[in-house]
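S.K.:
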Ligand code: COA
Ligand code: AMP
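Residue numbers (the UniProt record's numbering): 1 to 631.
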């Protein structure tokens, strides 16, 4: 326990006196101009936190930590089993590098509010680039390295970014993946003109640089003058992070400086129980929200040491990799996706490799990114005998909506539950008409407005999509897109999405986007993509395809071609490897494809014939191919 107040006290105070509660949390930061106004309702029915405060997030994460005496403490520990590289980077060193990077970006014409795309593997330079943008008040948009050129192009266009920062390659277990050709293809495809591309050359692969546009990271950094942090309004955007929506176009979730810094600082203590000087490891990637919040900003704003791991839970070199890192760096809390532990369990079922390491510093394991299935929870409990903490959140919220609050007092965990809502989140379970449902009954999980600091301030360049996607359906609430229930004790159980988003190995993907790609194949008349359960990755996509009349293509051939298309247009991370040719897709009389019923079939569940179905016979044909029984 690290907080002096109780969970119940803080939960109630955040509910009844949100301004007082969050003003107190904000006072823990060294603002350039402390906010006088804490919460301001907007004309659009949404809210802004700390609108008259001024600060710089990178300054708080670095310079302020050095000033507080943490200059020689490791800010980042870089550990890369795929290259053998290891480096401890102190707060002082990181501050110097970030100040220089900000100088380099300023030389390239980047200023406050300008967007910079960062497409990098898990190397320290990715963190330096993020913080370098933040130091200038520029807006970073990190794109996960597993995304294909087309996805990168879409993001360049949406963000209208003039500068891209990348590396010559990423390294995946034993494969070197050249990034630069992908970046070149994306820049060519984008309608927006990228003026500069800064490239970190890695030993494993040298990228070709184009004279007028490309710069070598090391040279540019060496020539740059360090610059001071630029104070910005608390409501200025710190970053855009694209995430999958229900359509093919990803949504740019915008996070502000002020609310985000307050939420990061508070959540490191309240959710994770971390104190300055502690070593925290989020085994994720800077391309995801977990990486933004808990590899970079949360730990650094809290004076912790953060581990940056360029490896996998298995095969780099074995299923003991996580435990080696925990032992070597005295990690106090490890955060990873359940899929990572399922991969470890598969290769090391008795956790024998873990026993080879001294894990005495490791106090807790945190899991999120997908539902923590009870068998994985039980395996972790059995072999690690430490609190196993499931917590639920989303790219949009930036920090945990519900958790077993380690910074207060841990509650009795219930397998399958993320425990209680964190202070600031008012959670309701509503039916489709917006009426609350009783305890134990599943419905739409909605969050009453205002959301606490740190949650999205909007969708980049698209206020309408923000309103339509999150605020319109249940007036006065934020629609999470997740379904679940509260039990009699107020424990939250999150069961899955209510929309067409699937979760593959903790990666959030849009089936609508995959359908657009499949639909571009010349043989495909119509298609639907659904998520089917997978033991390791949670879910995998399955394509159901109706062929055009007269097309004679064998299913394996079609499947290989569709898989290649998804790889080319979305990326290998989509793991799209299965397609079935079907005669027709089940639809309502108004022509809407009944995806839910296909999901039930593919999961082997029983299903009912919906009254709105156009042709009930179609379900029998499909059940023969997919499985499932009529209820
Ligand atoms: N850059 C480029 N390609 C990437 C990539 C990256 N950063 N990450 C994944 N890929 C590629 C892989 O190389 C692989 O390509 P392949 O089909 O050509 O081999 C494909 O995407 C699928 O990768 P992955 O999902 O990592 O599958 P895997 O079978 O290699 O590993 C796990 C399985 C479970 C070990 C792995 O998925 C994992 O570590 N998951 C945890 C992810 C996570 O932390 N998610 C939570 C984010 S909060
Ligand atoms: P992302 O925005 O990529 O972080 O994905 C967020 C989605 O992942 C949520 O909307 C949930 O569907 C799912 N998710 C994340 N954490 C959990 C959890 N602890 N339990 C259940 N689902 C989760």
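Every residue gets a Cβ at the ideal spot worked out from N, C-alpha and C, and that includes glycine.
(1) Within the present structure, is the beta-carbon of residue 404 separated from the nearest heavy atom of ligand 2 by less than 7 Å?
(2) Compute the Euclidean distance between the alpha carbons of residue 5 and residue 423, then round it to the nearest angstrom.
(3) Quick check: is any heavy atom of ligand 2 less than 7 Å from the C-beta of residue 287?
(4) Just mark residue 376 as buried or exposed, buried being the case when its beta carbon has 16 or more other beta carbons within 10 Å.
(5) Bridge partners for residue 178 per DSSP, in chain order?
(6) Taking just the CA atoms, how far does residue 581 sit from residue 549?
(7) Is it the case that the segment 32-50 contacts the segment 300-307, given that we only count it when at least three CB pairs across the two stretches are under 8 Å?
(8) Using only alpha-carbon positions, find the residue among 394, 410 and 124 that is nearest to residue 2.
(9) Let me check understanding here. Comparing Cα to Cα, which of 629, 7, 82 and 19 lies closest to residue 309?
(10) Taking the continuous beta strand (DSSP E) assigned at residue 251, which residues delimit it?
(11) Going straight from the alpha carbon of residue 214 to that of residue 56, what length do you get?
(12) Residue 576: beta carbon under 7 Å from a heavy atom of ligand 1?
(13) What is the C-beta distance between residue 632 and residue 371, in whole angstroms, given that I count them as a contact (C-beta under 8 Å)?
(14) Enumerated in chain order, which unbroken segments of the alpha helix (DSSP H) with a length of 4 residues or greater are wholly contained in the UniProt domain "Acetyl-coenzyme A synthetase N-terminal" (7-59)?
(15) Could you tell me the boundaries of the beta strand (DSSP E) in which residue 563 lies?
(16) Counting along the chain, where does the alpha helix (DSSP H) carrying residue 540 start and finish?
(17) With respect to 7 Å, is the separation between the Cβ of residue 519 and the closest non-hydrogen atom of ligand 2 below this value?
(18) Can you find at least 3 beta carbon pairs, one from the segment 220-229 and one from the segment 109-122, that sit closer than 8 Å?
(19) Just to confirm, is the Cβ distance from residue 427 to residue 474 under 8 Å?
(20) Select from 198, 284, 190 and 161 the residue whose C-alpha is nearest the C-alpha of residue 179.
(21) Hey, could you find the ends of the alpha helix (DSSP H) residue 225 is sitting in?
(22) Taking the straight line between their C-alpha atoms, what separation do you get for residue 217 and residue 451?
(23) Run through DSSP, which three-state label would residue 502 get?
(24) Could you tell me if residue 65 is buried or exposed, where buried requires 16 or more neighbouring beta carbons within 10 angstroms of its beta carbon?
(25) Please return the same chain residues whose Cβ sits closer than 6 Å to the Cβ of residue 632, not counting the five positions on each side in sequence.
(26) Could you give the residue range of the beta strand (DSSP E) that holds residue 525?
(27) Between the segment 450-465 and the segment 383-397, are three or more C-beta pairs nearer than 8 Å?
(28) Once DSSP output is grouped into helix, strand and coil, what is the label at residue 339?
(29) For residue 572, I'd like the list of residues in its chain whose CB is within less than 7 Å of its CB, leaving aside the five on either flank, ordered along the chain.
(30) Only counting runs of 4 or more residues, tell me where the alpha helix (DSSP H) segments fall wholly within the segment 284-350, in order along the chain.
(31) Closer than 8 Å is the cut-off here; do at least three beta carbon pairs connect the segment 455-465 with the segment 381-388?
(32) Please report the residue range of the alpha helix (DSSP H) in which residue 599 lies.
(33) By the 10 Å Cβ neighbour count, where 16 or more other Cβ atoms means buried, how is residue 20 classified, buried or exposed?
(34) Looking only at its own chain, which residues have a Cβ that is under 6 Å from the Cβ of residue 443, when we skip the five neighbours before and after it?
(35) Does the distance between the C-beta of residue 322 and the nearest non-hydrogen atom of ligand 1 fall short of 7 Å?
(36) Secondary structure at residue 375, three-state DSSP: helix, strand or coil?
M.R.: Quick answer:
(1) One-based indexing of the chain shown puts residue 404 at position 404. No; taking the cut-off as 7 Å, the Cβ of residue 404 has no heavy atom of ligand 2 nearer than that.
(2) Your numbering for residue 5 matches position 5 in the chain shown. Your numbering for residue 423 matches position 423 in the chain shown. Looking at the two C-alpha atoms, the distance is approximately 12 Å.
(3) By 1-based counting over the chain shown, the position of residue 287 is 287. For ligand 2, not one heavy atom lies less than 7 Å from the Cβ of residue 287.
(4) Within the chain shown, the letter at position 376 stands for residue 376. So residue 376 ends up on the buried side.
(5) Here residue 178 refers to the residue found at position 178 when the chain shown is read from its first residue. In DSSP, residue 178 forms a bridge with 169.
(6) Taking the chain shown and counting its residues from 1, the one referred to as residue 549 is at position 549. Taking the chain shown and counting its residues from 1, the one referred to as residue 581 is at position 581. For residue 549 and residue 581, the distance between alpha carbons rounds to 13 Å.
(7) no
(8) Numbered from 1 along the chain shown, position 2 holds the residue referred to as residue 2. Nearest of 394, 410 and 124 to residue 2, Cα basis: 410.
(9) Here residue 309 corresponds to residue number 309 of the chain shown, with the count starting at 1. Of 629, 7, 82 and 19, the residue nearest in Cα terms is 82.
(10) Along the chain shown, one-based indexing puts residue 251 at 251. Start and end: 251-256.
(11) For this step, residue 214 is matched to residue 214 along the chain shown. For this step, residue 56 is matched to residue 56 along the chain shown. Our two residues, residue 214 and residue 56, have alpha carbons roughly 29 Å apart in a direct line.
(12) Sequence index remark: in the chain shown, residue 576 carries index 576 (1-based). No.
(13) Residue numbering for the chain in the displayed model covers 1 to 631; residue 632 lies beyond these limits and cannot be assessed.
(14) 7-16 and 18-26
(15) The residue given as residue 563 occupies position 563 in the chain shown. Taken as a continuous stretch (DSSP letters only), residue 563 belongs to no beta strand (DSSP E), being part of the alpha helix (DSSP H) at 555-569.
(16) For the purposes of this step, residue 540 is taken as the residue at position 540 of the chain shown. Counting along the chain, residue 540 falls outside any alpha helix (DSSP H), though it belongs to the beta strand (DSSP E) covering 538-547.
(17) By one-based count along the chain shown, residue 519 stands at place 519. For ligand 2, not one heavy atom lies less than 7 Å from the Cβ of residue 519.
(18) The segment 220-229 is not in contact with the segment 109-122.
(19) Numbered from 1 along the chain shown, position 427 holds the residue referred to as residue 427. Numbered from 1 along the chain shown, position 474 holds the residue referred to as residue 474. Contact flag unset, no.
(20) For the purposes of this step, residue 179 is identified with residue 179 of the chain shown, where counting begins at 1. Comparing Cα positions, the closest option is 198.
(21) The residue labelled residue 225 in the question sits at position 225 within the chain shown. Where residue 225 is concerned, there is no enclosing alpha helix (DSSP H), given that its DSSP letter is neither H nor E.
(22) The residue given as residue 217 occupies position 217 in the chain shown. The residue given as residue 451 occupies position 451 in the chain shown. Taking the straight line from one Cα to the other gives about 39 Å.
(23) Translated into positions along the chain shown, residue 502 becomes position 502. Residue state, collapsed to three classes: strand.
(24) Taking the chain shown and counting its residues from 1, one reaches residue 65 at position 65. Answer is buried; the Cβ neighbour count reaches 16.
(25) The displayed coordinates of the chain run from 1 to 631. Any statement about residue 632 would go beyond what the structure contains.
(26) As a working mapping, residue 525 is identified with position 525 in the chain shown. First-last of the beta strand (DSSP E) with residue 525: 524-534.
(27) yes
(28) Within the chain shown, the letter at position 339 stands for residue 339. For residue 339, the secondary structure class from DSSP, reduced to helix, strand or coil, is helix.
(29) Within the chain shown, the letter at position 572 stands for residue 572. Cβ neighbours of residue 572 beyond the five flanking positions: 146.
(30) Taken in chain order, the complete alpha helix (DSSP H) segments of 4 residues or longer contained in the segment 284-350 are 298-301, 321-328 and 338-347.
(31) no
(32) Residue numbering aside, residue 599 sits at position 599 when the chain shown is read from its first letter. Note, residue 599: alpha helix (DSSP H), 595-602.
(33) Within the chain shown, the letter at position 20 stands for residue 20. Residue 20 should be labelled exposed.
(34) Translated into the one-based positions of the chain shown, residue 443 becomes position 443. Residues 429, 430, 431 and 437 of the same chain have their beta carbon placed closer than 6 Å to that of residue 443, with the five preceding and five following residues left out of the count.
(35) One-based indexing of the chain shown puts residue 322 at position 322. Not so, every heavy atom of ligand 1 lies at least 7 Å from the Cβ.
(36) The residue you call residue 375 lines up with position 375 of the chain shown. It is helical.
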